[in-house]
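Residue 1 is where the sequence shown starts when you use full-length UniProt numbering, and the numbers rise one by one after that.
Some notes on the structure that comes next.
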Amino acid sequence: MVRVSLLASLLAAVAVGSATEHVRRPSGKPRSNIVPGAYIIEFEDGQNKDSFRLQSEPDYDVVLDLSSELFQGASIQLHDVKNAEEAAARLASLPAVKRISPVGIIGLPEPVEEEEENATATSATRKSHRKRQSKPLERARSTHVMTQVDKVHAEGFTGAGIKIAIVDSGIEYTHPALGGCFGEGCLVTHGWDFVGNSYGGIYDEPVPGPDPIDCNGHGTHVAGIIAAQENELGILGAAPGVTLSAYRVFGCEGNTRSDIVMAAFTRAYEEGADIITASLGSSSGWPSEMTSLLVSRIVERGVPCTVAAGNTGGTGMWDVSSPAVGNGVTAVGSFQNTAVARTFPLGSVTMDGNSTRTTFIFRDGYPSGQGASYPVWVTGFDTDNTGDGCSALPDDTPDLSGYWVLLRYASDCDVQAQADNIAAKGAERLIIYNDRPGLRWLAAYTTSPIQAVVSIEEQEGVAWVQALEAGLSIHVDISYDAQSLYLDADYEIGGAASRFSSIGPSFEMDLVPRFGAPGGNIMSTWIGDESFRSLSGTSMATPLVAASIALIFEARGRLSPAELNDLLSSNANPQVHVYEQRFAPPTWYDWFSSVALQGAGLIQVHDAIHASTLLSPSGLSFNDTTNFAGTLNFTLSNTDNADVVYDISHAPARSIYSFTREGWAAGYPYNYSEPHAELAFSESKVKISPGGSATILVTATPPHDLDESRFPVWSGYIAINGSDGSSLSLPYQGLLGSLYDAEQILEGSLYIGDSTNYAPVSPNATFTLPPRGTPPRDVNTRETAVPILMSVFNWGTPQFIADVVPVGNCAPNSTLTSFGYRSIGQLNGFPSNWQPKGEWSWPWLGQLNNGEYAPPGRYKIVTRMLRITGDPDKDEDWVVTETGPFGIRYSS
């Protein structure tokens, strides 16, 4: 972890050449991220759902009344889903309606699966070996050390008196580390279940109720990061003195709806939450999306909202999720934990009939070894044997069916061969001790006699072999009654920005994420018998920031969300870039990762609590080339009781390209380039008296020698070092290139494909569609060939229109557009508002957005995309693209 003021002391970089990954999202990702026929309506001032109903024509049900001081509106479900788009257009024109937007689908957060070599110590190049900690205290709280939470705890602050609301999958409050109860006097004091266990998204009926207990695990993990109480593993929440409330928006599995998330945020606000945190979201990049707007309004009213930036870092830039991207919302990125922590079950071993049982950790393989208790038999006493069990066992080998057979992990053959050879002697259970530090997951798939496979640590296995060689007998019992914490206390990429963490900026050039916290390899509470579990994701970083805000509130008093963002941002530690390689040590460079990736850096809570110099705003955006703001400013305030002299300097980050030379979104390891902006300050040294402040002008000169067609984001940090020892930083960013001119569709990527293989169809292709009126949910488009509109969005668009245009004939019901083509209507589900970037597909069963069906015939799809900063009323601000022709007919 590196502070701006220490940049000069960093080691020189080791040059590494590597091609950037050409990242595309998986083919076939549909725009079924809206609920058919469901809309969120915001009313004009003075209007409500009752006056709206008097003015409206379509039949509908009110799903959720969303009216509050935050938002006057409701979500509705139209009865006539087939004609939903036409009905929505009529509703939008009513005087009572301020805006209308489809109800979106928000997926259940999926924690990132870390690489296996990052989760177990299998690399011979590691700087230190993993070891089981007999007293897993400080290293179990490595995230607290990274963020200075440990120093805050040492001063007696725990977040006492602060109420944090968690919008997630609920909380298993029965967990002993989470208080064990629900209600007044408990850690989890209250909450609400908006959905019920069986709810999974679009077609399920929510079953709300007062009990927000978790059956998924995600929300429980989040809760433990915030407030886990003392427990046998030493896992402690960052703010164990807070109280929690749980607002459950996910069932046991599946998705939820944006209106439900809005209702949960609203209820958390109305029930007095001091902080609201949500580790959820959907691809966006747009602050104007409805959920983002609502959360921004909560922030405007003084309640900080921490929201996960997302886990799409591998897809490149411009992809921070909603509602994290909302104005004023604290969008949180992820950094890698300095210690990889996992839990493993405990087995027990007795030697030579001794009644004393010694525990050891093991990793279950396949088949599972649960409940097996047998003596141990070893093939030999050579603990350096690279081929242990790789050959047939001797003829005098006893019947091994009543033993655990102990083998060394063999480099000369695979585990299956070892299993085959011992099974030939009747063995049913296999224990393999590693040939290096760590544990492996092992499997014997095809040897039917083998009923159980487990692995143990190298030193454990060597000790057993030596005991057996000395003539002792060993008896092993495999059980799952207890867990042990297993740590690597010197993780090689600890402190680096997580490669999965979503990258900004927003499409409005806001700085997102704002900053980050440890989110890679985080141990916390879990549901069921597995009471603790390690997960990775911005989902894990976000609650730590919420807990940190609670500590600041207790120590400094209540601050506004803007003041909190300023305080945490200015005291954060920007991190240098790390290049991870498979099967090789990582390379640490001496230059900073882009602000688009890490924001202000890794939060430092103790510094934020004790800061006497205040810096505002939390970051500077010089915008793009067209809207370039050449000069901006920041303000320094001295709240100390003595004069402070501040030195102001520039610590640039390398510029980062949005695209590769070939035009693909630039994913990991990202396309960095050395040129950076130059900054000039109105003052490079300023003296501020107690209680005084100074405003500094910053003039930016964008970098030269960069390929503007690849839209490089230039960024860095303004370093502010005071004579009192203070060291602050201010992130900034700008874009070389015009967002208005950005080509939103990758050239050649918009086409009609066959839904069974996504391949482009020939111009004479004709599809036989299911009978008119067949519900989309009843058609498997991977088995039934239907036309599918494919596109790769380099950028998002505020509005995406897809018109169905006859080819070779003039349909009588067509309309001549201002763009010179005749349309019979849009594809059902269009227009698409606030379209995110990525690869998307829309299967078409012939239905139009007015509920009618296109007649049999030949068509093409003409799309229009509003430019990022475009005016929808100006034709020149739309990008028009069309597909090749294709034919449709209907089966009877």
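Heads up, the beta-carbon is just placed ideally off N, CA and C, and yes, glycines get one too.
Bear in mind the structure is a predicted one, so any value in this text is a computation, not a measurement.
_Beta-carbon gap between V62 and I76 smaller than 7 Å_ = yes
*asked:* Any contact between the segment 679-688 and the segment 748-761? By contact I mean 3 or more CB pairs, one from each, below 8 Å.
replied: no
*Does the distance from the CB of L568 to the CB of I503 come in under 7 Å?*
no
*For my contact list, I522 and S506 are in at a C-beta cut-off of 8 Å; report their separation, rounded to the angstrom.*
Contact doesn't hold; Cβ gap of about 26 Å is too wide.
*Quick one: residues in its chain with C-beta nearer than 6 Å to the C-beta of Y672, no 5 flanking neighbours on either side, listed in chain order?*
R654, I656
*Which partner residues does C305 have in the DSSP bridge list?*
I276
_Quick check on Q466: buried or exposed, where buried means 16 or more other Cβ atoms within 10 Å of its Cβ?_
exposed
*How is the alpha helix (DSSP H) around L697 delimited, first residue to last?*
First-last for L697: 693-701, but that is the beta strand (DSSP E), not the alpha helix (DSSP H).
*When you compare only the Cα positions, how much space is there between W377 and L400?*
8 Å
*Mind the definition here: the segment 301-314 touches the segment 335-342 only if three or more C-beta pairs lie below 8 Å; say whether that holds.*
no
*Whole-angstrom Cβ separation of L866 and D873, contact assumed at under 8 Å?*
Actually they do not touch by this definition, with Cβ atoms about 10 Å apart.
*asked:* Below 8 Å on the Cβ atoms is my contact criterion, and I expect G796 with P836 to pass it. Report the Cβ-Cβ distance as a whole number of Å.
replied: 5 Å
*On the three-state DSSP scale, how would you describe H577?*
strand
*Which whole runs of the beta strand (DSSP E) in the segment 725-768 are 3 residues long or more, in chain order?*
727-735, 751-754
*Does the distance from the C-beta atom of G104 to that of S321 stay below 7 Å?*
no
*Identity of the residue in V454, P449, F532 nearest A443 by Cα*: V454
*Out of E839, H79, W588, point me to the one whose CA is closest to E492's CA.*
W588
*Which term fits A854, buried or exposed, when burial requires 16 or more other beta carbons within 10 angstroms of its beta carbon?*
buried
_In this structure, how does DSSP classify L620 when only helix, strand and coil are distinguished?_
strand
*Can A228 and G234 be called in contact, C-beta distance under 7 Å?*
no
*Stretch pair the segment 633-645 + the segment 572-585: three plus CB contacts closer than 8 Å*: no
*Just mark S9 as buried or exposed, buried being the case when its beta carbon has 16 or more other beta carbons within 10 Å.*
Because S9 sits at a pLDDT of 26, beneath the cut-off of 50, its placement in the model cannot be relied upon, and the following sentence gives the value as read from the coordinates. It is exposed - the Cβ of S9 has fewer than 16 other Cβ atoms within 10 Å.
*Along the chain, where does the alpha helix (DSSP H) that runs through D647 open and close?*
That residue, D647, is in no alpha helix (DSSP H); its beta strand (DSSP E) goes 644-652.
*Apart from the five residues on each side of it in sequence, which residues of its chain come closer than 8 Å, Cβ to Cβ, to S198?*
D204, V207, G251, C252
*Per DSSP, E882 is paired with what?*
V862
*In chain order, what residues of the same chain have a beta carbon less than 8 Å from the beta carbon of F360, not counting five sequence neighbours either side?*
L346, G347, S348, V349, I456, E457, E460
_I'd like the ranges of any beta strand (DSSP E) spanning at least 3 consecutive residues and lying wholly in the segment 431-496._
452-456, 474-477, 483-488
*asked:* If you measure between the beta carbons of M509 and S621, is that distance less than 7 Å?
replied: yes
*Are H218 and P375 touching if we call contact CB-CB under 7 Å?*
no
*My guess is that F800 and T863 are in contact by the Cβ rule of under 8 Å, so how many angstroms apart are they, rounded?*
7 Å
_Residue environment, E839, which counts as buried when at least 16 other CB atoms sit within 10 Å_ = buried
*Burial state of P731 (16 or more Cβ within 10 Å)*: buried
*Please determine, among E554, G179, K687, the residue with the shortest C-alpha to C-alpha distance to G161.*
E554
*DSSP three-state call for Q416: helix, strand or coil?*
helix
*Which runs of the beta strand (DSSP E) fall wholly inside the segment 307-347 and span at least 3 residues, in chain order?*
330-336
*In chain order, which continuous runs of the beta strand (DSSP E) of length 3 or greater are located wholly inside the segment 207-267?*
243-248, 255-257
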